[in-house]
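Chains as they are written, first to last, in my numbering: chain Z, 1 to 291; chain S, 292 to 583; chain F, 584 to 950. Quick reminder that beta carbons are idealized off the backbone N, C-alpha and C, glycines included. One structure is given below, encoded as structure tokens.
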Amino acid sequence: MLNSGTIRWNHVLGRAFIYLMLGAFALYYLIPLFVMVVTSLKPLDEIRSGNLLSLPMQPTFEAWGIAWNSACTGVQCNGLQGYFYNSMIMVIPAMLISTLLGAMNGYVLTKWKFPGSNVVFSMLLVGCFIPFQVILLPMAKVLGMVGLAGSLPGLVMVHVIYGLAFTTLFFRNYYITIPDELINAARIDGASFWTTFFKIILPLSTPIIVVSTIWQFTQIWNDFLFGVIYSSGEQQPITVALNNLVNTSTGVKRYNVDMAGAIIAALPTLFVYVVAGKYFVRGLTAGSVKG
Amino acid sequence: MVTKWLERIMPRLVLAPTFVIALVFIHGFILLNAWLSFSSSNLMPKYDWAGFIQYERLFANERTAVAATNLFIFATLFILICLFLGLLMAILLDQRIRGEGVIRTIYLYPMALSFIVTGTAWKWILNPGLGFEKLMHDIGFETFQFDWLVNSEMAIYTVVIAGVWQSSGFVMALFLAGLRGIDESIIKAAQIDGASLPTIYRKIIIPGMRPVFFSAFIILAHIAIKSFDLVMALTGGGPGYSSDLPATFMYTFAFTRGQIGIGAASAMMMLMTVMAVIVPYLYSELRSQRHA
Amino acid sequence: MNGLKITNVSKTFGKTNVLKDINVEIADGKFLILVGPSGCGKSTLLNIIAGLETATTGRIEIAGEDVISRDPKDRNIAMVFQSYALYPTMTVRGNIAFGLNIRKVPKAEQQQIVDRVAKMLRIEDLLDRKPAQLSGGQRQRVAMGRALARDPAIFLFDEPLSNLDAKLRVDMRTEIKELHQRMKTTVVYVTHDQVEAMTLGDYIAVMKDGIIQQFGTPSEIYNHPNNMFVAGFMGSPSMNFIPCQLTEVGGEVGVYLQGHTTRFFVRLSQTGKDYSRWLGKNLMFGIRPEHITDYAEQVGAQEAIPCKVDILEPTGPDTLLFITLNKVKVVCRVTPETALQHSIDKMPLYFNTAKAVLFDPASGLAI
């Protein structure tokens, strides 16, 4: 009797310990977000008098307004809004084009293999592994040659090209699980290459389309490397503008504006994560096992 | 006739743009960059042959050693801590936890953020005057000092802190998927043999997850070598150039200091480093696939 | 008119010959079975008939027309796949009508055809469901419905029953046979199951290593196998192969068989073949389990031989006995009553030598 009682006690203690640890980890991940939010809602004097975790006495959205409308990002002082729209204008076409191309590539690479198709795939896959530093200089030259240097269309092109390896990989790995017999059935039914793609394969692809678009959306939205190198002035994406805002050294450092700006820059991808987290994680594991 | 012919070559037609992209924008560009690294390019790219002069300049530069040392420190700590925390959290989460979904969501959300956002947030948290230090003062540790962000000896460690915060949840997800993939009947057999839970983890489950360790290591190493945005947002490579990493070094030389040749050479060195990590991995992957 | 004519078809992948010089011809309306172990090339041959794979050499004629250079859709064929290959995003109706749609059959006519096929297969209630909502047997019917909707010159079946459970498989087998008798369309049917082959086929082509080992009617294949492979592959339990030496005793050709306790002589005069050339040679004595049995009346005049039984396996309708002859395990089939009546040390068994086949062990060919 006594013995089994001890075992039960040990069990309860063990469970309590596990939950305590898990809670501590959750706090570790949440506190920075909490700090960002409360800081963005505090006036500057409260920031100086309080500390990271102290709640705002008089919550105000003033810093958000400044970050959106009038904060200086280098020479201009028009806030982040223009850059937020820039990122949207850049992300949406880049995401859609690279996903569509990836789907078509995956379809050919799994269902219409021809001698050499696997070579093309291997050549493309290298793009998942290389550090992009190694293509930055030649790309800058090519963008200059075709007159897209420093522009959003140029950035769209760069993101489509270097996202293609990932989207192709997603679709190839998904389509490889679709039985070839389905394609054979369609061929005997008389369906052409494109009829099979649009009527049979694409309707089956919803989950992987979601994974691919979400992956591309977060990758492109969060990109800084291509943005800082291939865009300039009014055409910059939000990550670059945020970095400029935070590092603009004129006048008083306004931490609340920095935090509001950071949250604004993070909101779209956070929103996608909360709404479609399952697909986000699937893309993450599928995409990054390869890099 | 024409439609029939078109139908036959359609697969090739569809893949053709991708072929061109891979050939030109990946492989061609790597070769072009290699050429630049052997040229005399400075402010403007020049396509001539200058031998190893850029590499000599690169290795003669004192910033190179700093960036390489920093990469070593950052990569080692970043990878080890992420693996440890990730595995620990995954094992804890694997104990039939109520609310697992919510907890997982919380652990993973930093992965959805831009490194610029993460850097901005941690730059504020680690702020020497008003950040973490002030918080500790307010709690009662009045002599507490924390100035890593502006201390050239310690700045690289702040990058580790922010990097771990962003990526460890993802490693947890990888390990959790690995744990869930283990055959339940093996665990049941071990339980019947009388093994305790810690023994089962130590002797059976964790050794069974070698491939997960391996791929997590590769991914983290890859992230570490490519790290650019986080340093830019958090320390800007400073104070001075004390927290430079190869990626920021390359950017600085190629795009702000007009030393294109050195930039190209450093990019080649980064490529070599990545290859040194990934080629053996790919090789073993391919080999095990062939055996399977 | 020819239903199907396959002339000199070969297929090589790199250096491996998947199919070697295949020649088959069947009349219109016949049911042809391609049977063999996995990897024998039967599915490749079916895919070549369908046009899904190309032959390295050879010709294919369907209903008298050379189709070798035509696309699958222009060969006037319909096919039922092993995994059914139903389009997952379409309803049953959409699946059946898809081929008609692509061929631009008018909507009203499509409707008619779908209804007719659905009635024939008794799937009227399922027309608006998606494949995922169907059971295995129902999916199988829909897959057949999709083929039937097209009224082709030839039906191709690729192991259509192998994903069904045992009972359903027997039911569907009967139904396929009924359908064929009603429709009288040529069928090529691939299977690895010799029972399906025996029950369904008008003709059977037994394949191995890319070669047709024997082509013939089910009874020819079963009773007069060309070689040891065909003899062993068709029939369950398999034919027994007993090593022996051909001898002549008192003017009668036969073989000696050595059991645990008895040694006896089996005469081969009833097979009606001339074995004189093989006297004194080592041969394989092939005999099916049902031909070592207790039904005296089937076997004729020969006397029963008492054998010691090693293992006894009742299967229900009959009982399998395992005895040892010339140091190999031999299966016999008797009625359960006989098995119970006699001592297992002295089970009286009759050898129906009229049905026995002798093989040359070197070539494996029947003598």
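Asked                                                                                                                                                                                 : Found
Checking the sheet assignment: what are the DSSP bridge partners for residue 867 of chain F?                                                                                          : F:826 and F:942
Considering only residues of the same chain and omitting the five flanking positions on each side of residue 521 of chain S, which have a CB-CB separation below 7 Å?                 : 406, 409, 410, 450, 453 and 454
Would a check of beta-carbon distances place residue 203 of chain Z closer than 8 Å to chain F?                                                                                       : yes
Start and end of the alpha helix (DSSP H) containing residue 506 of chain S?                                                                                                          : 501-517
What residue ranges within the stretch 150-234 of chain Z form continuous alpha helix (DSSP H) runs of no fewer than 4 residues, ordered along the chain?                             : 152-175, 180-188, 206-222 and 225-230
Based on the DSSP output, what are the partners of residue 949 of chain F in its beta bridges?                                                                                        : F:942
Rounded to a whole number of angstroms, what is the C-alpha to C-alpha distance between residue 796 of chain F and residue 733 of chain F?                                            : 33 Å
Can you list, in chain order, the stretches of the alpha helix (DSSP H) that have 4 or more residues and sit fully within the stretch 446-504 of chain S?                             : 446-471 and 475-483
Determine which residues share a DSSP beta bridge with residue 85 of chain Z and list them.                                                                                           : In DSSP, residue 85 of chain Z forms no bridge with anything.
With a threshold of 8 Å on Cβ separation, who are the neighbours of residue 537 of chain S within its own chain once the five nearest residues in sequence on each side are excluded? : 358, 359, 362, 516, 557, 560, 561 and 564
Runs of 4 residues minimum, wholly inside the stretch 398-427 of chain S: which ones carry the alpha helix (DSSP H) assignment?                                                       : 406-416
DSSP three-state call for residue 665 of chain F: helix, strand or coil?                                                                                                              : coil
Going by DSSP, what residue range makes up the alpha helix (DSSP H) through residue 905 of chain F?                                                                                   : That residue, residue 905 of chain F, is in no alpha helix (DSSP H); its beta strand (DSSP E) goes 902-908.
Quick one: is residue 924 of chain F buried, meaning 16 or more other Cβ sit within 10 Å of its Cβ, or exposed?                                                                       : exposed
Spatial neighbours of residue 341 of chain S within its chain, please: CB distance less than 6 Å, with the 5 preceding and 5 following residues excluded, ordered by chain position.  : 330 and 331
Using a Cβ cut-off of 8 Å (strictly closer), state whether residue 212 of chain Z contacts chain S.                                                                                   : no
Less than 8 Å separating the beta-carbons of residue 462 of chain S and residue 512 of chain S?                                                                                       : no
How big is the Cα-Cα spacing for residue 415 of chain S and residue 226 of chain Z?                                                                                                   : 25 Å
DSSP state of residue 741 of chain F, grouped into three classes?                                                                                                                     : strand
Taking the alpha-carbon positions, what's the residue 884 of chain F to residue 850 of chain F distance?                                                                              : Below a pLDDT of 50, predicted positions are generally treated as unreliable, and residue 884 of chain F, at 48, falls in that range; no measurement from the model is reported.
Alpha carbon to alpha carbon, what distance is there between residue 353 of chain S and residue 256 of chain Z?                                                                       : 38 Å
Closer than 7 Å, Cβ to any Cβ of chain Z: which residues of the stretch 672-702 of chain F, in chain order?                                                                           : 672, 681, 682, 685 and 686
Roughly how many angstroms lie between the CA atoms of residue 528 of chain S and residue 429 of chain S, to the nearest whole one?                                                   : 30 Å
Using the beta-carbon of each residue, which ones in chain Z are nearer than 7 Å to residue 402 of chain S?                                                                           : 284
Please report how far the alpha carbon of residue 1 of chain Z lies from the alpha carbon of residue 59 of chain Z, in whole angstroms.                                               : Note that residue 1 of chain Z scores a pLDDT of 45, beneath 50, so its modelled location is shaky and nothing firm can be said.
Can you give me, in chain order, the residues of the stretch 647-662 of chain F that have a beta carbon less than 9 Å from any beta carbon in chain Z?                                : 654, 655, 656, 657, 658, 660, 661 and 662
Kindly indicate the opening and closing residues of the alpha helix (DSSP H) around residue 695 of chain F.                                                                           : 690-704
For the alpha helix (DSSP H) that contains residue 373 of chain S, what are its first and last residues?                                                                              : 353-384
Return helix, strand or coil for residue 603 of chain F, following the three-state DSSP convention.                                                                                   : strand
Closer than 7 Å by beta-carbon distance: list the chain S residues that pair up with residue 112 of chain Z, in chain order.                                                          : 302
Apply the 10 Å Cβ neighbour rule to residue 789 of chain F and answer buried if 16 or more other Cβ atoms are within range, or exposed otherwise.                                     : buried
When the Cα of residue 460 of chain S is compared with those of S:514, S:569 and S:398, which residue comes out closest?                                                              : S:398
By the three-class DSSP mapping on this structure, what secondary structure does residue 888 of chain F have?                                                                         : strand
Between residue 675 of chain F and residue 212 of chain Z, what straight-line distance do the alpha-carbon atoms span, to the nearest angstrom?                                       : 30 Å
Between residue 173 of chain Z and chain S, is any beta-carbon pair separated by less than 8 Å?                                                                                       : no
Check the Cβ of residue 439 of chain S against every Cβ in chain Z and list those closer than 9 Å, keeping chain order.                                                               : Those do not exist, as residue 439 of chain S stays about 16 Å from chain Z at its closest Cβ, beyond 9 Å.
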